[in-house]
Amino acid sequence: MAGIVAYGAYIPWLRLERRLIAEAWGIPGVPGEIAVGNFDEDSITMAIEAGRDCILDDPVGVGGLYFASTSPPYAEKSCATTVASVLDLAQGSVTCDFGLSLSAGVSALVAAASAVDQGVAPSILVTAGECRLPETKTADEQTFGDGAGAVLVGNEDPIAEIEGVHTSYDEMVATWRLPGDRTVRDNSRFYTAKGYVPSLLAAFKGAAEAFGVAPGDIAKVVYPAPDFRAHGQVAKAMKLEPGQIQDALFAFVGGCGCAQPLMMLAGALEEAKPGDRILLAGAGDSFTVLLLEVTDRIADLPARRAIKGHIASKSMLPTYAKFLEYKEMLNTEEGESNSSMIQMWRDRRAVQPLYGKRCNSCETVYFPPRRLCPNCFAREDSEDVRLARKGTLFDFIDDNLYVSIEPPTTLTISDLDDGARIFMQMTDRGVGEVEIDMPVELTFRKIHDGGGFHNYFWKTRPVR
């Protein structure tokens, strides 16, 4: 069966102490913090970041893109095609969207492995991103976090081979949203006691029997959970040693829905050694367990941010009110924006995978693409070029007149590593922390909502 060739993850730069949530409502709190997507982030942009981390911005050879989320920004429109376009996958790539269940991320992984085995594509990038919105003044508000995970599935040089897959299901109304609902509803206490714990334990037992393995044969057991307590209950019931339990990321990130298993898997692979066997589970209304064995190729995998790098890079939100504002839970006045679907379609190669031009006469790289070279004025003598994703800040201004949730808006001119000079907004920065000549990197973000749809483009940010 196809295996895992690479992994990646994304955790937002912003975090919120759970203490601030508890103090705002006068309710008991738990230690730690949750990861919070910036006002210009959603499940698409996070999945893109995880995908970039996985393939290290090199789409060559990737033949497909699967996207999983229970919180996609569109109720009807493929998000997988957007992610594939931004990552610059070939137009012949297979794409598919998965959702509606917290098990969607692992289900997408299994589907990708099956598709690769069937020859549908040589490799498929599986991404999962979540920005789930909890009801206020609930335990979920202190539990939910934002984040994304990604794995590249293929047959060539896998770092972890898939040795088996075991599936089951248990129908229960446990976590749900009705059409028109913004926030997630759940029946957490009943679901944990009568659904999640017994069903996941049964799935693990069935998988162990099918795979012919004992708990002592497993280096890491990776499984999501509704909360801290439920995760511990499963570990206790399985009699796992502390070293076998993969960190569920609740302390510093929170529960990231269907992305959580892929993020946890990235954390496990960060520390895995050749020969380690990993049990990976997806849990929702269906339960899927995979047995993985790490290969010698794990030692040759290039470094990436994954979990450790992203956790170490953060900034704390000052107030709970700011969290509500970023989640659009407050009635704030916004400027009117408009957009043209025709223009977005026409410019999609420049806007999404960020293609500029290289002049064939003087080799100047420039953006946006145009017929006339801005340096030597050669007419229609250029070729398309995918712009670099890193550079140096040439100049900037903090614009207090630009309508934004987080004023001032920092507008930047950056010199990219390929020589292109580009004008963009900056995100994920502290006011007063921006300096000329500082290294920057590009990140794909939401610009505004206009024309009845979401509008995205690239922004700069300080290197994390």
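Using the working numbering, read the sequence shown as starting at 613 and increasing by one per residue.
Ideal placement from N, C-alpha and C gives every residue a C-beta, glycine not left out.
**OP:** Would you kindly check if the distance between the Cβ of residue 839 and the Cβ of residue 755 is under 9 Å?
**Re:** Result yes, Cβ atoms of residue 755 and residue 839 sit closer than 9 Å.
Original post:
Hey, which unbroken runs of the beta strand (DSSP E) at 3 residues or more fall wholly within the region 699-755?
Top reply: 706-710, 735-742
**OP:** Could you tell me the distance, in whole angstroms, from the CA atom of residue 903 to the CA atom of residue 892?
**Re:** The alpha-carbon atoms of residue 903 and residue 892 are separated by roughly 7 Å.
**OP:** Leaving aside the five residues before and after residue 785 along the sequence, list all residues of the same chain whose C-beta is less than 6 Å from its C-beta, in chain order.
**Re:** none
**OP:** Measure how close the beta-carbons of residue 683 and residue 742 come, nearest whole angstrom, since I'm counting them as under 8 Å.
**Re:** 5 Å
Original post:
In chain order, which continuous runs of the beta strand (DSSP E) of length 3 or greater are located wholly inside the region 753-780?
Top reply: Qualifying beta strand (DSSP E) stretches, in chain order: 759-766.
Original post:
Whose C-alpha, out of 625, 626, 636, is nearest the C-alpha of residue 933?
Top reply: 636
Original post:
Within the 9 Å Cβ cut-off, does residue 827 reach chain C?
Top reply: Absent here is chain C; the protein component of the structure consists of one chain.
Subject >> Extent of the continuous alpha helix (DSSP H) to which residue 688 belongs >> reply: From DSSP, residue 688 is part of no alpha helix (DSSP H); its letter is neither H nor E.
Subject >> Given residue 1066 as reference, the closest of 616, 667, 687 once Cα atoms are compared >> reply: Shortest Cα-Cα distance from residue 1066 to any of 616, 667, 687 involves 687.
Original post:
Going by DSSP, what residues sit across from residue 1077 in a beta bridge?
Top reply: Here the chain has residues from 613 to 1076 only, and residue 1077 is not among them.
Original post:
Taking only runs of the beta strand (DSSP E) that begin and end inside the region 872-952, which ones reach a length of at least 3 residues, in chain order?
Top reply: 889-895, 898-906
Original post:
Would the region 649-665 and the region 729-749 be scored as touching if the rule is three or more Cβ pairs under 8 Å?
Top reply: yes
Subject >> Option nearest residue 960 by Cα separation, candidates 1069, 704, 804, 718 >> reply: When each option's Cα is compared against that of residue 960, the closest is 1069.
Subject >> N- and C-terminal bounds of the alpha helix (DSSP H) containing residue 849 >> reply: Where residue 849 is concerned, the enclosing alpha helix (DSSP H) starts and stops at 840-850.
Original post:
What three-state label does DSSP hand residue 976 in the structure shown?
Top reply: In the structure shown, residue 976 sits in coil (DSSP, three-state: anything other than H, G, I, E or B).
Original post:
Considering only C-alpha positions, which residue in the set 706, 852, 900, 1042 is nearest to residue 779?
Top reply: Comparing Cα positions, the closest option is 900.
Original post:
Which partner residues does residue 856 have in the DSSP bridge list?
Top reply: DSSP, once it has assigned bridges, lists no residue as partnering residue 856.
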